[in-house]
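Quick note on my numbering: the sequence shown kicks off at 52 and runs consecutively.
By construction, the Cβ of each residue, glycine as well, lies at the ideal position given by its N, Cα and C atoms.
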Amino acid sequence: MFIADTEISVSGKFFRVAKLRHEWFDFLEDPAPFVQGLRDRGVAADLFTFLQEAHVPHKDYPYHREMVAASVLTIPSYDAWWDNLHFKARNKARKARKCGVQIRAAELNDDFVMGVERIYNESPLRQGRKFIHYGKNAATIKGDLSSFPSQSLFVGAYLRGQLIGFMKLFQGNEIMRLIHIIATLEQRDTCVMDALIAEAVKICDEKGIQHLHYGDWASRGLGAFRAKYNFQRHECPRYFVPLTARGKFMLNVRLHRPLRERLPQGWADRLVVIRNQWNILRYGIARGGNLRRGG
(Lines of atoms letter the chains of each structure in order from A and count residues from 1; the text may use other names and numbers.)
(Lines give C-alpha, C1' and ligand atoms only; values in the text may rest on other atoms or scores of the structure.)
Protein backbone atom coordinates (compact mmCIF):
# COMPACT_ATOMS: atom_id res chain seq x y z
CA MET A 1 0.00 0.00 0.00
CA PHE A 2 1.17 3.52 -0.81
CA ILE A 3 0.52 6.76 1.06
CA ALA A 4 1.67 9.90 -0.78
CA ASP A 5 3.91 7.81 -3.07
CA THR A 6 5.61 6.14 -0.08
CA GLU A 7 5.11 2.41 0.41
CA ILE A 8 4.11 1.10 3.83
CA SER A 9 3.97 -2.40 5.31
CA VAL A 10 1.80 -3.71 8.13
CA SER A 11 2.85 -6.56 10.42
CA GLY A 12 1.33 -8.37 13.37
CA LYS A 13 -1.92 -10.23 13.99
CA PHE A 14 -3.56 -9.15 17.22
CA PHE A 15 -1.62 -5.88 17.41
CA ARG A 16 -0.84 -4.46 13.97
CA VAL A 17 1.99 -2.02 13.36
CA ALA A 18 2.48 0.02 10.17
CA LYS A 19 5.83 1.41 9.07
CA LEU A 20 7.59 2.61 5.95
CA ARG A 21 8.33 -0.38 3.73
CA HIS A 22 11.91 0.80 3.21
CA GLU A 23 12.99 2.07 6.61
CA TRP A 24 16.47 3.61 6.63
CA PHE A 25 15.99 4.47 2.94
CA ASP A 26 12.72 6.43 3.02
CA PHE A 27 12.16 9.18 5.59
CA LEU A 28 9.33 11.60 6.33
CA GLU A 29 10.07 15.30 6.12
CA ASP A 30 6.58 16.20 7.39
CA PRO A 31 4.89 13.23 9.12
CA ALA A 32 1.61 14.98 10.08
CA PRO A 33 -0.06 14.79 6.62
CA PHE A 34 1.27 11.24 6.20
CA VAL A 35 -0.34 10.16 9.48
CA GLN A 36 -3.58 11.83 8.39
CA GLY A 37 -3.37 9.93 5.12
CA LEU A 38 -3.12 6.66 7.06
CA ARG A 39 -6.27 7.56 8.98
CA ASP A 40 -8.15 8.75 5.89
CA ARG A 41 -7.31 5.53 4.03
CA GLY A 42 -8.44 3.43 6.99
CA VAL A 43 -5.20 1.47 7.11
CA ALA A 44 -5.73 -1.69 9.18
CA ALA A 45 -3.09 -0.90 11.80
CA ASP A 46 -3.14 0.10 15.46
CA LEU A 47 0.17 1.95 15.51
CA PHE A 48 2.41 3.73 13.02
CA THR A 49 6.15 4.02 13.59
CA PHE A 50 8.84 5.86 11.65
CA LEU A 51 12.54 6.66 11.98
CA GLN A 52 14.56 9.85 11.73
CA GLU A 53 18.29 10.04 11.18
CA ALA A 54 20.59 11.48 13.83
CA HIS A 55 23.38 12.70 11.54
CA VAL A 56 21.27 15.39 9.85
CA PRO A 57 19.21 18.18 11.51
CA HIS A 58 15.49 17.49 11.87
CA LYS A 59 12.51 18.70 13.86
CA ASP A 60 11.20 17.15 17.04
CA TYR A 61 7.69 15.84 16.44
CA PRO A 62 4.81 15.75 18.98
CA TYR A 63 4.72 11.93 19.12
CA HIS A 64 6.06 9.34 21.52
CA ARG A 65 9.78 8.96 20.86
CA GLU A 66 12.33 6.29 21.72
CA MET A 67 15.94 5.96 20.65
CA VAL A 68 17.19 3.06 18.53
CA ALA A 69 20.84 2.19 17.98
CA ALA A 70 22.47 1.86 14.56
CA SER A 71 26.03 0.80 13.70
CA VAL A 72 27.63 3.80 12.01
CA LEU A 73 31.22 4.45 11.03
CA THR A 74 32.31 8.10 10.87
CA ILE A 75 35.04 8.53 8.25
CA PRO A 76 37.33 11.58 8.40
CA SER A 77 39.24 10.06 5.47
CA TYR A 78 40.17 6.58 4.27
CA ASP A 79 43.80 7.00 5.36
CA ALA A 80 42.83 8.24 8.83
CA TRP A 81 40.40 5.33 9.25
CA TRP A 82 43.00 2.82 8.07
CA ASP A 83 45.75 4.17 10.32
CA ASN A 84 43.38 4.02 13.30
CA LEU A 85 42.63 0.31 12.89
CA HIS A 86 44.20 -2.38 15.04
CA PHE A 87 46.96 -4.12 13.10
CA LYS A 88 45.01 -7.42 13.16
CA ALA A 89 42.06 -5.76 11.43
CA ARG A 90 44.36 -4.27 8.78
CA ASN A 91 45.92 -7.68 8.17
CA LYS A 92 42.52 -9.26 7.68
CA ALA A 93 41.41 -6.49 5.31
CA ARG A 94 44.55 -7.08 3.23
CA LYS A 95 44.40 -10.87 3.25
CA ALA A 96 41.80 -11.29 0.49
CA ARG A 97 43.94 -9.52 -2.11
CA LYS A 98 47.01 -11.48 -0.98
CA CYS A 99 44.99 -14.65 -1.65
CA GLY A 100 44.26 -13.50 -5.19
CA VAL A 101 40.78 -12.07 -4.60
CA GLN A 102 39.84 -9.16 -6.86
CA ILE A 103 37.51 -6.49 -5.46
CA ARG A 104 35.80 -4.49 -8.19
CA ALA A 105 32.59 -2.77 -9.22
CA ALA A 106 29.92 -5.13 -10.54
CA GLU A 107 26.73 -4.91 -12.59
CA LEU A 108 23.44 -6.62 -11.85
CA ASN A 109 23.56 -8.89 -14.90
CA ASP A 110 22.83 -12.59 -15.36
CA ASP A 111 26.39 -13.73 -14.57
CA PHE A 112 26.42 -11.73 -11.35
CA VAL A 113 23.01 -13.09 -10.30
CA MET A 114 24.13 -16.67 -10.94
CA GLY A 115 27.10 -16.06 -8.65
CA VAL A 116 24.82 -14.66 -5.97
CA GLU A 117 22.57 -17.71 -6.32
CA ARG A 118 25.55 -20.00 -5.61
CA ILE A 119 26.40 -18.03 -2.47
CA TYR A 120 22.81 -17.95 -1.22
CA ASN A 121 22.29 -21.69 -1.68
CA GLU A 122 25.48 -22.73 0.07
CA SER A 123 23.78 -23.21 3.46
CA PRO A 124 20.28 -22.80 4.97
CA LEU A 125 21.82 -21.13 8.04
CA ARG A 126 23.86 -17.98 8.54
CA GLN A 127 25.08 -16.87 11.97
CA GLY A 128 22.98 -19.68 13.45
CA ARG A 129 19.76 -18.23 12.01
CA LYS A 130 17.61 -19.50 9.18
CA PHE A 131 18.93 -17.78 6.05
CA ILE A 132 16.03 -16.01 4.36
CA HIS A 133 17.65 -16.07 0.89
CA TYR A 134 18.36 -19.81 0.86
CA GLY A 135 16.61 -21.60 -2.00
CA LYS A 136 15.82 -18.49 -4.05
CA ASN A 137 16.12 -18.80 -7.84
CA ALA A 138 17.92 -16.35 -10.12
CA ALA A 139 14.78 -14.47 -11.18
CA THR A 140 13.74 -13.83 -7.57
CA ILE A 141 17.25 -12.76 -6.60
CA LYS A 142 17.46 -10.29 -9.48
CA GLY A 143 14.13 -8.78 -8.49
CA ASP A 144 15.24 -8.47 -4.85
CA LEU A 145 18.51 -6.77 -5.77
CA SER A 146 16.91 -4.36 -8.24
CA SER A 147 15.61 -1.93 -5.61
CA PHE A 148 16.80 1.70 -5.63
CA PRO A 149 18.62 1.38 -8.98
CA SER A 150 19.55 5.07 -9.25
CA GLN A 151 21.08 5.22 -5.76
CA SER A 152 22.73 1.80 -5.51
CA LEU A 153 26.03 0.27 -6.53
CA PHE A 154 27.39 -3.26 -6.37
CA VAL A 155 30.90 -4.42 -5.52
CA GLY A 156 31.95 -8.01 -6.16
CA ALA A 157 34.78 -10.16 -4.79
CA TYR A 158 36.13 -12.62 -7.37
CA LEU A 159 38.51 -15.54 -6.99
CA ARG A 160 39.73 -17.12 -10.23
CA GLY A 161 36.85 -15.41 -12.01
CA GLN A 162 34.12 -16.73 -9.68
CA LEU A 163 32.02 -14.48 -7.45
CA ILE A 164 32.71 -15.39 -3.80
CA GLY A 165 31.22 -12.33 -2.13
CA PHE A 166 29.50 -9.01 -2.81
CA MET A 167 27.91 -5.97 -1.27
CA LYS A 168 25.16 -3.60 -2.30
CA LEU A 169 25.55 0.02 -1.22
CA PHE A 170 22.89 2.73 -1.10
CA GLN A 171 23.84 6.41 -1.24
CA GLY A 172 21.52 8.44 0.97
CA ASN A 173 21.54 11.91 2.48
CA GLU A 174 25.20 12.41 3.40
CA ILE A 175 25.45 8.73 4.29
CA MET A 176 26.23 5.41 2.61
CA ARG A 177 24.29 2.34 3.70
CA LEU A 178 25.29 -1.29 3.42
CA ILE A 179 22.04 -2.82 2.18
CA HIS A 180 23.56 -6.26 1.82
CA ILE A 181 27.00 -7.82 2.29
CA ILE A 182 27.79 -11.52 2.15
CA ALA A 183 30.57 -13.94 1.24
CA THR A 184 30.75 -17.65 0.61
CA LEU A 185 31.40 -19.81 3.67
CA GLU A 186 33.75 -22.02 1.68
CA GLN A 187 36.27 -19.19 1.27
CA ARG A 188 35.88 -17.68 4.74
CA ASP A 189 39.64 -17.97 5.38
CA THR A 190 40.30 -15.39 2.64
CA CYS A 191 38.58 -12.68 4.76
CA VAL A 192 36.39 -11.43 1.90
CA MET A 193 33.99 -9.59 4.22
CA ASP A 194 36.88 -7.62 5.70
CA ALA A 195 38.11 -6.60 2.25
CA LEU A 196 34.60 -5.50 1.24
CA ILE A 197 34.29 -3.28 4.32
CA ALA A 198 37.59 -1.62 3.45
CA GLU A 199 36.34 -1.07 -0.11
CA ALA A 200 33.11 0.49 1.21
CA VAL A 201 35.11 2.95 3.30
CA LYS A 202 37.26 3.80 0.26
CA ILE A 203 34.14 4.45 -1.83
CA CYS A 204 32.76 6.76 0.87
CA ASP A 205 36.03 8.68 0.95
CA GLU A 206 36.07 9.05 -2.84
CA LYS A 207 32.50 10.39 -2.80
CA GLY A 208 33.10 12.75 0.13
CA ILE A 209 30.68 10.84 2.38
CA GLN A 210 31.59 10.70 6.08
CA HIS A 211 29.06 8.19 7.39
CA LEU A 212 28.73 4.47 6.64
CA HIS A 213 25.71 2.69 8.15
CA TYR A 214 25.86 -1.08 8.65
CA GLY A 215 22.68 -2.36 10.29
CA ASP A 216 21.51 -2.21 13.89
CA TRP A 217 23.91 -1.96 16.80
CA ALA A 218 24.70 -5.34 18.36
CA SER A 219 27.20 -6.65 20.89
CA ARG A 220 27.77 -10.14 19.52
CA GLY A 221 28.29 -11.88 16.18
CA LEU A 222 28.20 -9.28 13.44
CA GLY A 223 28.30 -6.59 16.11
CA ALA A 224 31.81 -7.67 17.13
CA PHE A 225 32.84 -7.72 13.46
CA ARG A 226 31.60 -4.15 12.99
CA ALA A 227 33.30 -2.93 16.16
CA LYS A 228 36.60 -4.31 14.87
CA TYR A 229 36.39 -1.76 12.05
CA ASN A 230 35.45 1.09 14.40
CA PHE A 231 31.69 1.18 13.80
CA GLN A 232 30.07 2.82 16.80
CA ARG A 233 26.67 3.03 18.42
CA HIS A 234 24.63 5.81 16.80
CA GLU A 235 21.35 6.84 18.42
CA CYS A 236 18.43 7.62 16.09
CA PRO A 237 14.90 8.66 17.14
CA ARG A 238 11.98 6.36 16.41
CA TYR A 239 8.49 7.83 16.73
CA PHE A 240 5.26 5.99 17.52
CA VAL A 241 1.80 7.28 16.58
CA PRO A 242 -1.34 5.44 17.79
CA LEU A 243 -4.01 5.04 15.10
CA THR A 244 -6.63 3.23 17.21
CA ALA A 245 -7.69 3.00 20.86
CA ARG A 246 -5.90 -0.34 21.08
CA GLY A 247 -2.75 1.28 19.73
CA LYS A 248 -2.97 4.03 22.33
CA PHE A 249 -3.44 1.45 25.11
CA MET A 250 -0.47 -0.67 23.97
CA LEU A 251 1.71 2.43 23.80
CA ASN A 252 0.63 3.59 27.27
CA VAL A 253 1.44 0.22 28.88
CA ARG A 254 4.74 -0.07 26.91
CA LEU A 255 3.77 -3.21 24.99
CA HIS A 256 4.34 -1.67 21.57
CA ARG A 257 7.83 -3.13 21.03
CA PRO A 258 8.48 -6.79 20.14
CA LEU A 259 9.17 -9.09 23.11
CA ARG A 260 12.75 -9.73 21.96
CA GLU A 261 13.48 -6.01 22.32
CA ARG A 262 12.14 -5.92 25.87
CA LEU A 263 14.09 -8.88 27.25
CA PRO A 264 17.14 -8.31 29.46
CA GLN A 265 20.36 -8.67 27.43
CA GLY A 266 21.44 -11.77 29.37
CA TRP A 267 18.18 -13.57 28.58
CA ALA A 268 18.37 -12.56 24.93
CA ASP A 269 21.94 -13.90 24.66
CA ARG A 270 20.91 -17.26 26.15
CA LEU A 271 17.95 -17.56 23.79
CA VAL A 272 20.23 -16.87 20.81
CA VAL A 273 22.51 -19.75 21.88
CA ILE A 274 19.52 -22.08 22.24
CA ARG A 275 18.13 -21.03 18.87
CA ASN A 276 21.47 -21.59 17.15
CA GLN A 277 21.88 -25.05 18.65
CA TRP A 278 18.34 -26.00 17.67
CA ASN A 279 18.85 -24.81 14.09
CA ILE A 280 22.08 -26.80 13.76
CA LEU A 281 20.23 -29.95 14.84
CA ARG A 282 17.16 -29.16 12.75
CA TYR A 283 19.00 -28.53 9.50
CA GLY A 284 21.83 -31.01 9.99
CA ILE A 285 24.55 -28.37 9.81
CA ALA A 286 28.14 -29.30 10.58
CA ARG A 287 30.48 -26.89 12.33
CA GLY A 288 31.53 -24.41 9.67
CA GLY A 289 28.03 -23.94 8.28
CA ASN A 290 27.79 -26.68 5.64
CA LEU A 291 25.23 -29.47 5.39
CA ARG A 292 26.35 -32.79 6.87
CA ARG A 293 26.89 -35.54 4.32
CA GLY A 294 25.15 -38.86 4.55
CA GLY A 295 22.65 -39.63 7.29
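Item                                                                                                                                                                           : Value
Does the region 181-199 come close enough to the region 161-172 that 3 or more CB-CB pairs lie under 8 Å?                                                                      : yes
Taking all protein chains shown into account, do 16 or more other C-beta atoms lie within 10 angstroms of the C-beta of LEU247, making it buried, or fewer, making it exposed? : buried
Within its chain, find whatever has a CB closer than 8 Å to the CB of GLY88; leave out the 5 residues flanking it on each side and keep chain order.                           : ILE54 and ALA55
As an exercise, report each continuous alpha helix (DSSP H) stretch of at least 4 residues that is fully enclosed by the region 128-179, in chain order.                       : 129-135, 138-149 and 161-171
Just list the residues that DSSP pairs MET218 with in beta bridges.                                                                                                            : VAL206 and ILE232
DSSP three-state call for LEU79: helix, strand or coil?                                                                                                                        : coil
In this structure, what does DSSP give as the bridge partners for PHE300?                                                                                                      : For PHE300, which the question treats as bridged, DSSP gives no partner whatsoever.
Give the range of the alpha helix (DSSP H) segment to which MET118 is assigned.                                                                                                : Where MET118 is concerned, there is no enclosing alpha helix (DSSP H), although the beta strand (DSSP E) it sits in stretches over 115-125.
Would GLY216 and PHE163 be called neighbours here (beta carbons separated by less than 8 Å)?                                                                                   : no
Rank LEU210, PRO113 and LEU124 by C-alpha distance to the C-alpha of LYS279 and give the top, closest one.                                                                     : LEU124
If you measure between the beta carbons of ASP256 and TYR129, is that distance less than 8 Å?                                                                                  : yes
Looking at LEU229: is its Cβ nearer than 8 Å to the Cβ of ALA249?                                                                                                              : no
For VAL86, count the other beta carbons within 10 Å of its own beta carbon; 16 or more makes it buried, fewer makes it exposed. Which is it?                                   : buried
Could you check where the beta strand (DSSP E) with PHE291 kicks off and where it finishes?                                                                                    : 283-293
In terms of residues, what are the limits of the alpha helix (DSSP H) holding GLU58?                                                                                           : Per DSSP, GLU58 belongs to no alpha helix (DSSP H); it is in the beta strand (DSSP E), 57-62.
For the region 285-302 and the region 99-107, state whether three or more C-beta atom pairs, one from each stretch, are separated by less than 8 Å.                            : yes
Kindly indicate which residue of PHE205, PHE221 and ILE126 has the alpha-carbon position closest to the one of HIS73.                                                          : PHE221
Alpha carbon to alpha carbon, what distance is there between PHE276 and ARG180?                                                                                                : 17 Å
Candidates ASN303, ASP245 and PHE300: which alpha carbon is nearest PHE138's?                                                                                                  : ASP245
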